[in-house]
Structures are given as C-alpha cells and as structure tokens.
C-alpha cells in the first residue's frame, strides 16, 4: 500500500502543493478506507493542537465562562433570550474534552436553570428568537474576555459606551477579545484588528469581535473599513445579511436594524457574499470596485445595486497623504535618492551608502521576493561594498526623510508604515526616537508586507525615519534588501487621549 | 412539581453532547480549513447553528451524524465564500470525509485519551517544535529559525514527532489504525 502519511500531514498543514493535492484526492477516492485514514489523522492533528493549547489555558476559560453566567437572571433586565443563546453557543464552543464533562454538566444545569427561570417569567413560543429590533437593552460586553486579543481600541472622539462598567471604562489601547460586544452610543471610535485592518465606527453602532483576528460583526450602525497594509487584506465585516471582504481598500457599511446592509466602496475592491445566517439573502457573491455600492436585504433574492454615497461616511473617513515608497517610480538598478545607508553596526559612515532598486528575482537562493510595484514601492539593495568585512550578523541603518505638510498637526498625525526586509528589521526610529516594531523575519514565501502605525515623535516639516536591518550573512557575505511604503494620516480627532 | 420545558431539556442535552462531539467537529473542519482562526470561526458557526436548529434534532437519534451534517454544510459554505469550492477538495470529498468520521465515531474518544498519555513522553525539543507549529501557528520556516535548523529539517522533525505520537496511540489502543500505522 502506498504510504501517504507525509502527503496527508502536508495537506493538513496546508503546505501540500496543488498538483500533489490532485494526486492525493485521486488516492482518497480509490477507497473509503483512505478517507478513514484522513479522518483519523485529521482528528489526531487537531487533538494535538487542542492538547497543547489546553495545557495553557482551557481550565481558566471554563472557570471564566461559569463565573460569567448571571446568578440572578430573573432580576437582570438586560438578560435577553439572545444573550442566553449566545452564552449557550459560547459555552459549547469552549468545551473541549470528555474529562471536563463534570464541569460542562454543571454549566448545563446552570444554563438550564437560567433558561427555565426566564421562560417561566416570559413564556414565548420561540425561546431562541433573536432580539426585537427595538430592544432597548444593550448587548454590553457579552461573553467573557479570552486570553488572546483580536483587536485594539486605537482612538476615540467624544465616545460614550453602553453596556455597564466594563464598556464604560473602555480606553484607548484596551485589547478586545473574541465574543466581546461594544455599543457606541455617542461619538466616534476606531478599532484596529491584530492584522492591522481599521474599523471606524460612528454612533450609534454595535459591533462584536469574533475569533478571527481580522474580522468583526456589525450588528447595527455605520462603519468605515480600511486596509492600509497588505497584511490586513481580507478584513471581514459580517452583518446579518452579508459578509464583506476587504481586498485592500476603503469602504463604508451601514447595517440597519430593519434588515438591510449597504456597502459603498470608496477605493479599491471588496467582495460581498451572503451571510451564513438564516436571514441571509440567496444572492450570489459580488465584487465591487470604487464608486460602486449595493444593498443586501434578508428577504430579497439578490443584491440590489444602489448609488454610491461617499458623503455619508465623510465624517469618519480619514484623509490620507501618500509618501514616496522605496524605489517608487524608479527603474531597476537605479539608486533611490530618498534612501541611504548611514551606519553599520551603529557606527556612522563618513560617506553614506547608496540603495538601488533590485530585481525581486535577484536571489542567491530561494524563490523571488514579494514582486516589485514601481507605482508604490520596490525592493532596494544596499551598496554591495558595505558590510562585507567580518562574519556573523551585521546591522545596516537605512535612512529616509519625509515632510509633514503645513496645516497638518504633527502631534495628531499617524504614519502608516508597511515594510519587509532581508533578514529582518530590528529597530525603527523617527527623528532619532525608537518606536515599537512588530515581530518580523524575512520569509521566502512572504506575500505581504509587515504593518505598523507610528503616532509619536513626528514634528512639523522635515522628519527622519530610520530602519535598522539585520543581515545574518548566512551566505558568507552581506546581501540585504528593504522595501517600505509610507502614508500619512492627519486626522485630528484621533489624537484624543 | 417543578416546571419542565422540553426546550430547556434539549439545550441541556445539547451542551453535554457537544462536549463530546466538539473535538470531532474541530478535526473534521480542520481537515479542510487550514487557517486555525478561520477553522475556529467555522466551529463556532457550527455551535451557533446547533443552538438555532435544536428543534430539528431528534433526540432519539445519535448526535454525532447530526452535528457532522451541520459541520459539513458550514465547511462547504466557507469554501464557497472563499472561492475554494472549485479546488481539488470539493463538496464530494468533504461528504466522504464526513461519512468516514461518522463510521468511526466511537474510536475517537479512545484516541484522544491515549494521545494525552503519549504526549507526556515527548522530549523537550519535540514539544517545542509542536508548540511552535500548533500554539504559535508558526510556518515551517519560522519553526526552522527558532530550532536553528533548515526548513526541510523542521518539516521532517514535525512529521516524525506526529507519526511517533500516532504510533504511540496505536500501541496504547492495541488496534490497527490504518491512518497512523507505521
């Protein structure tokens, strides 16, 4: 019998090439026993992950879940049937092993008591129906906070929250977790997902975080979705009627409590698909480009094309000033006048080194770099004469300058930075001041730039930005590359603290 | 007499049934959705659908096939929405795997218990490699960097550790497991 264990494991890891997938599929179709092998191995694959993750956190989750359920449900006017359904779903989702049956059974009894008390007090033929559209009870911070945050509250302006002390105390920089529900009753708020996508809410609006670290549910209200960086592409806004996938763009969404969702594309492309809910339309997925808009209704057979109305989002759509990216508009092997190497291992160079546009295919080993885009940014290579003496890691400091235009408040502005480097960026400085750098390491198969947002140390007029690039010289000589995209976001209300 | 509502009883039973079925549902979903976060989202969708569709579940029938039917629909739906439904693994293959899960429903609980014991004997290096792969969701290149080996070596190491666990599970169960036999 052919040994397919390696192929099966590669498939489960998501690393099996497509041609080998076809071969594996043909082998699976030969016999039900082969599917049985995949079933057993996929079960084991998942069980290993659960076992390792559970070692760290599951017991805590269970305790938090049980403690979060209300002790006096009948006296709690905010305890709606929808919340109970959500609590049940949450509880179901976070129960793992047969060994914890005793805990689950206890939770089930508690949940049963809760439901029973509510049902006695408020008989209803459909106990799991969703909240009435005009239900005045606020969802609040439904669901206990999990260990891993999926987003951060990154800015507010005159924001007021509903839903009790946990929401009322929300502050800029607070981490947001799966199942957390936020209701904004006044002002504006900005949430940034772990992948770097930005959602700006205008009150009144209610959102819920999901387990996906680049998605959220918009229960009602208006938001603007922004993917400034490659890593944030694929950001999903889920409403009752539609799933909106941002493919690198800016778009607006309005979800009403009367059962409609509107999507307006301001820039780029989004994909709109019917939501996987009982209220979803049967419409086929559609791609929208800038200037297009559509409406999704739960009881309609298809999406309806409507006129774009960008003005509806003007209050929350941030303006953006594009700054020159590395190698922007230059030909291959042309030096970039905006970038130069100013130091090696912290020692300033008497004569700064040049950085020239390199071919993305110009690798000594491995596949090409992320392809160049002359319109926005290209890979730059460091002067090959630099950093060649010695062995082991060497660090190049690469410097550029950018201008904050007159009329833009530098203390309120944000610099949106997308970058990648070979081997990695170890430090970034604005005007000599270090800023936090996301973990990054060059990968052969990377197809995204890393994303970061800088909010500090910028001044009016000319600014300096520096990247320290570490090269391990694993080939025996230095061979570094850097690619950067920059954009300035000058909106003033985001400076509020 | 205390008030009893059939709906409440069904939900209580659902909670217990799900605790037993969740690892199988997660394994089934993870076979086709390889991004951990996405797979978790789909498993959560299955849990929510189970609560919403509780009226359609006949408590006289086994829970496993019913919930796998819900999961199968959710996986197909996910692949369709992400434009992957026309790829090599289509709804037919998803159906075949769901059938295989249903056929061998009883064996999984024993496998899970045996696995828990087998993982106690992992070496520090093997556990570190698995943690990188499963907890940190690292790519082979990143696993290789941390372990100080080449990507190909990291892949082989991960395969070897998992196959050793599978063999250990097989030995503990004392049965012939086709998918994990060395």
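Chains as they are written, first to last, in my numbering: chain A, 1 to 497; chain B, 1001 to 1182. Glycine residues also receive a C-beta, built at the ideal position from the N, C-alpha and C atoms.
N- and C-terminal bounds of the beta strand (DSSP E) containing residue i
i	result
residue 161 of chain A	151-162
residue 434 of chain A	433-435
residue 274 of chain A	269-274
residue 353 of chain A	347-357
residue 1091 of chain B	Taken as a continuous stretch (DSSP letters only), residue 1091 of chain B belongs to no beta strand (DSSP E), being part of the alpha helix (DSSP H) at 1091-1103.
residue 399 of chain A	394-404
Through-space distance from residue j to residue i, alpha-carbon basis
i	j	result
residue 1098 of chain B	residue 1049 of chain B	17 Å
residue 479 of chain A	residue 472 of chain A	9 Å
residue 1057 of chain B	residue 1063 of chain B	8 Å
residue 1041 of chain B	residue 462 of chain A	46 Å
residue 360 of chain A	residue 369 of chain A	5 Å
residue 320 of chain A	residue 226 of chain A	11 Å
residue 1158 of chain B	residue 334 of chain A	44 Å
residue 52 of chain A	residue 1135 of chain B	7 Å
residue 1108 of chain B	residue 151 of chain A	35 Å
residue 260 of chain A	residue 1071 of chain B	27 Å
residue 1067 of chain B	residue 204 of chain A	37 Å
residue 17 of chain A	residue 1162 of chain B	20 Å
residue 1077 of chain B	residue 44 of chain A	24 Å
residue 421 of chain A	residue 442 of chain A	6 Å
residue 960 of chain B	residue 245 of chain A	For residue 960 of chain B there is no data in the structure shown, the boundaries of chain B being 1001 and 1182.
residue 1014 of chain B	residue 398 of chain A	59 Å
residue 372 of chain A	residue 1096 of chain B	43 Å
residue 272 of chain A	residue 1082 of chain B	11 Å
residue 1118 of chain B	residue 1160 of chain B	14 Å
residue 1016 of chain B	residue 456 of chain A	51 Å
residue 93 of chain A	residue 12 of chain A	Note on residue 93 of chain A: pLDDT 40, under 50, position unreliable in the model; no value is reported.
residue 149 of chain A	residue 430 of chain A	28 Å
residue 1110 of chain B	residue 35 of chain A	19 Å
residue 1156 of chain B	residue 183 of chain A	49 Å
residue 358 of chain A	residue 153 of chain A	38 Å
Contacts that residue i makes with chain A (C-beta to C-beta distance below 8 Å)
i	result
residue 1169 of chain B	44
residue 1038 of chain B	212
residue 1148 of chain B	Near residue 1148 of chain B there are no residues of chain A at all, since even the closest Cβ is about 12 Å away, more than 8 Å.
residue 1101 of chain B	39, 43
Start and end residues, alpha helix (DSSP H) containing residue i
i	result
residue 1067 of chain B	1063-1081
residue 1168 of chain B	1151-1173
residue 322 of chain A	From DSSP, residue 322 of chain A is part of no alpha helix (DSSP H) but of the beta strand (DSSP E) over 321-323.
residue 4 of chain A	Element bounds for residue 4 of chain A: n/a, residue is neither H nor E.
Under 7 Å between C-beta atoms of residue i and residue j
i	j	result
residue 423 of chain A	residue 452 of chain A	no
residue 190 of chain A	residue 155 of chain A	yes
residue 199 of chain A	residue 223 of chain A	yes
residue 178 of chain A	residue 219 of chain A	no
residue 266 of chain A	residue 250 of chain A	yes
residue 1043 of chain B	residue 1019 of chain B	no
residue 487 of chain A	residue 410 of chain A	no
residue 416 of chain A	residue 228 of chain A	yes
residue 353 of chain A	residue 383 of chain A	yes
For residue i: DSSP bridge partner residues
i	result
residue 183 of chain A	A/162, A/206
residue 297 of chain A	A/260
residue 377 of chain A	A/373
residue 1054 of chain B	DSSP output for residue 1054 of chain B lists no bridge partner at all.
residue 424 of chain A	A/470
residue 316 of chain A	DSSP output for residue 316 of chain A lists no bridge partner at all.
residue 199 of chain A	A/191, A/225
residue 246 of chain A	A/270
residue 254 of chain A	A/222, A/262
Interface residues of chain A facing residue i [CB-CB closer than 7 Å]
i	result
residue 1120 of chain B	Chain A residues near residue 1120 of chain B: none, gap ~10 Å exceeds 7 Å.
residue 1031 of chain B	12, 38, 42
residue 1163 of chain B	5
residue 1071 of chain B	Per Cβ cutoff of 7 Å: no residues; residue 1071 of chain B is ~12 Å from chain A at best.
residue 1088 of chain B	18, 21, 22, 25
residue 1124 of chain B	What residue 1124 of chain B touches in chain A: nothing, since even the nearest Cβ is about 14 Å away.
Residue i: contacting residues in chain A (beta-carbon distance under 9 Å)
i	result
residue 1166 of chain B	5, 40, 41, 44
Contacts of residue i in chain B (Cβ-Cβ under 9 Å)
i	result
residue 217 of chain A	By Cβ distance, chain B contributes nothing, its closest Cβ being about 11 Å from residue 217 of chain A, past 9 Å.
residue 15 of chain A	1034, 1139, 1140, 1155
residue 204 of chain A	Going along chain B, no residue has its Cβ under 9 Å from residue 204 of chain A, so there is no contact; the nearest lies around 25 Å.
Interface partners of residue i on chain B, CB under 7 Å
i	result
residue 210 of chain A	1041
residue 243 of chain A	1081
residue 51 of chain A	1115, 1116, 1119
residue 504 of chain A	Residue 504 of chain A lies beyond the range of chain A shown here (1 to 497); nothing can be said about it.
residue 149 of chain A	Within chain B, no residue comes near residue 149 of chain A; the closest Cβ sits about 13 Å away, beyond 7 Å.
Beta-carbon neighbours of residue i, restricted to chain B and to distances below 8 Å
i	result
residue 28 of chain A	1093, 1096
residue 48 of chain A	1115, 1119, 1130, 1134, 1162, 1165
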